[in-house]
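Asks: Numbering (the working numbering), first residue to last: 38 to 108.
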């Protein structure tokens, strides 16, 4: 249940950040996009976020299992 709330929060934050990012023009992003480097940046950010989400999910499972064993 907690994991679902966490994932929902992450999704909502991502949507809000994407909405805010569309309003402003960033010169550096345009330069990186023209060079094709923006895809590398996006891939790195997505990889880091997925790693963090997987880490939190596994940690939550381990803690839940330990709490059940402790009872």
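Glycine residues also receive a C-beta, built at the ideal position from the N, C-alpha and C atoms.
Taking DSSP as the reference, what is the three-state secondary structure of residue 74?
Replies: Position 37 of the chain shown holds residue 74. If DSSP states are grouped into helix, strand and coil, residue 74 belongs with coil.
Asks: To the nearest angstrom, how far is it from the Cα of residue 65 to the Cα of residue 71?
Replies: Mapped onto the chain shown, residue 65 falls at position 28. Mapped onto the chain shown, residue 71 falls at position 34. So the alpha carbons of these two residues sit roughly 10 Å apart.
Asks: Please identify the residue among 93, 79 and 69 whose C-alpha is closest to the C-alpha of residue 42.
Replies: As a first step, residue 42 is located in the chain shown; it is residue number 5 there, counting from the start. Minimum Cα distance to residue 42 is reached at 93.
Asks: With DSSP as the reference, label residue 38 as helix, strand or coil.
Replies: If you number the chain shown from 1, residue 38 lands on position 1. Here residue 38 sits in coil by DSSP.
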